[in-house]
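Novice: Take a look at this one; I'll ask things after.
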Amino acid sequence: MTKLKQAIDRVLRTICIALFTALILLASWQVITRVVLNDPSVWTEEAARYTFIWLSLIGISIATGERADVAIDFVVRKLPVAAQRWVTAVAYLTALAFSTIIMIWGGYLNVVLGWNQANPVLPVSQGMLYLAVPIAGLLLTFYLCYHFILIISAREDASAPEEMQVEL
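Printed below as a string of structure tokens:
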């Protein structure tokens, strides 16, 4: 499972680099057409918006995979190790419920509803643009299950990695 995670990590990082590059190019083109050419491009703002949404959702998945997501665990770190595992397991199960019910199922319903709905600016359907949510939900579900298994089997610490912790 670790090799699968590493492969998914590499693919997602490559996708994020491509999306970030596209976002910079789209925003730059928007500025050039608006300021220099005095004829703003109609489609670049919409394309940049959806590129940013995809980048953010995939970035959240990467952060979850690296356990670099925001976690307020200063109280949990003061508990005994067994209690830390229990509290962290409950937190992961809650996040797992959110990613499966809201992101995968709810996102799927939005994709289905928007699949035949034309985008007024871009040559793709709204449903294709909405695919970011269920895909991110699947990625989050994978990463949450991965870390949940490691935490309950005591192969990973329940608290965030040391380099991610901030003392208050």
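To convert, note that position 59 of the sequence shown is 292 in our numbering; the numbers rise steadily by one, no gaps.
Note that beta-carbon positions come from the ideal geometry of N, C-alpha and C, so glycine has one too.
Note that the structure is a prediction, hence the values are computed from the model and not measured.
Under a three-way DSSP split, which group does A387 fall into?
Specialist: In this structure, A387 counts as coil in the three-state DSSP scheme.
Novice: According to DSSP, is A301 helix, strand or coil?
Specialist: Residue state, collapsed to three classes: coil.
Novice: Spell out the partners DSSP gives A351 in its beta bridges.
Specialist: DSSP lists S358 as partners of A351.
Novice: Judging by CA-CA distance, which residue of N343, G370, A369 and L288 is the nearest neighbour of Q359?
Specialist: That would be N343, whose Cα lies nearest to the Cα of Q359.
Novice: Could you tell me if R243 is buried or exposed, where buried requires 16 or more neighbouring beta carbons within 10 angstroms of its beta carbon?
Specialist: Under this definition R243 is an exposed residue.
Novice: Suppose you measure from the CA of A240 to the CA of G298; what does that come to, to the nearest Å?
Specialist: Taking the straight line from one Cα to the other gives about 12 angstroms.
Novice: Report the three-state DSSP secondary structure of S274 (helix, strand or coil).
Specialist: It is coil, neither helix nor strand.
Novice: Need the endpoints of the alpha helix (DSSP H) that R267 sits in, please.
Specialist: Element bounds for R267: n/a, residue is neither H nor E.
Novice: Just to confirm before moving on: does the CB-CB distance between I382 and R318 stay below 8 angstroms?
Specialist: No. Outside cutoff.
Novice: Kindly list the residues whose CB is nearer than 7 angstroms to the CB of V275, restricted to its own chain and excluding five residues on each side of it in sequence; keep chain order.
Specialist: Result list for V275: V354, in chain order.
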